[in-house]
DNA sequence: CAACTGACGATAG
DNA sequence: CCTATCGCCAGTT
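Residue numbers (the working numbering): 1260 to 1362.
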């Protein structure tokens, strides 16, 4: 079996409601690995498809998409906008409106 | 098995 | 505002 951390991360991500977003750090913290944000990203990268996870609802702590242009950035933004999430001029998401906290 | 990589984050300057 | 550096450790090679 994969680590408890991995299982927890997948569980949390699968629970993110449409129209909301959360961050790598928050997920990591709830999976008992406060400083494991990078692993959350890695898990998403390798397991989002097989676990049918809403990977696009996870952004970094600035409310911005971490992907690079031409490597998923536009695709992710498009999916978020399609769910009603708006970006400001700096292409950042307003956490006061869209942040989802697992619990 | 060892080394390397990296959708991140906090901190320091 | 910015860059640099360290910590964390699952995947990949």
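Even glycine gets a Cβ: it sits at the ideal position worked out from N, Cα and C.
Quiz item: Where do the ends of the alpha helix (DSSP H) carrying residue 1271 lie?
Solution: Numbered from 1 along the first chain, position 12 holds the residue referred to as residue 1271. Note, residue 1271: alpha helix (DSSP H), 1263-1273.
Self-check item: Other residues of its chain near residue 1360: CB distance less than 6 Å, five sequence neighbours each side excluded
Solution: The sequence position of residue 1360 within the first chain is 101, counting from 1. None.
Quiz item: Bridge partners of residue 1346, per DSSP?
Solution: Locating residue 1346 in the first chain gives position 87, where the first residue counts as 1. The partner list for residue 1346 (beta bridge, DSSP) reads 1352.
Quiz item: When you compare only the Cα positions, how much space is there between residue 1269 and residue 1337?
Solution: Walking along the first chain from the start, residue 1269 turns up at place 10. Walking along the first chain from the start, residue 1337 turns up at place 78. Using only the alpha carbons, I get a separation of about 23 Å.
Quiz item: Excluding sequence positions up to five away, which residues of its chain have a Cβ less than 6 Å from the Cβ of residue 1277?
Solution: Taking the first chain and counting its residues from 1, the one referred to as residue 1277 is at position 18. Excluding residues within five positions, the ones whose Cβ falls inside 6 Å are 1342.
Quiz item: Across which residues does DSSP place residue 1358 in a beta bridge pair?
Solution: Position 99 of the first chain holds residue 1358. According to DSSP, which records beta bridges pairwise, residue 1358 is partnered with 1280.
Quiz item: Do the CB positions of residue 1318 and residue 1285 come within less than 8 Å of each other?
Solution: Translated into positions along the first chain, residue 1318 becomes position 59. Translated into positions along the first chain, residue 1285 becomes position 26. No, they are not a contact pair.
Quiz prompt | CB contact flag (residue 1287, residue 1312, <8 Å) | solution = Start at 1 with the first residue of the first chain, and residue 1287 comes out as number 28. Start at 1 with the first residue of the first chain, and residue 1312 comes out as number 53. It is not a contact, given that the beta carbons lie outside the stated cut-off.
Self-check item: Cβ neighbours of residue 1354 in the same chain (closer than 6 Å, five flanking residues each side left out)
Solution: Here residue 1354 is taken as the residue at index 95 of the first chain, counted from 1. For residue 1354, where only same-chain residues beyond five positions count, the Cβ hits under 6 Å are 1322.
Quiz item: So the alpha helix (DSSP H) residue 1338 belongs to, where does it begin and stop?
Solution: Counting from 1 along the first chain, the entry for residue 1338 is found at position 79. 1332-1341 is the span of the alpha helix (DSSP H), which, as asked, contains residue 1338.
Quiz item: Distance, Cα to Cα, residue 1295 vs residue 1357?
Solution: Here residue 1295 is taken as the residue at index 36 of the first chain, counted from 1. Here residue 1357 is taken as the residue at index 98 of the first chain, counted from 1. Cα to Cα, residue 1295 sits roughly 23 Å from residue 1357.
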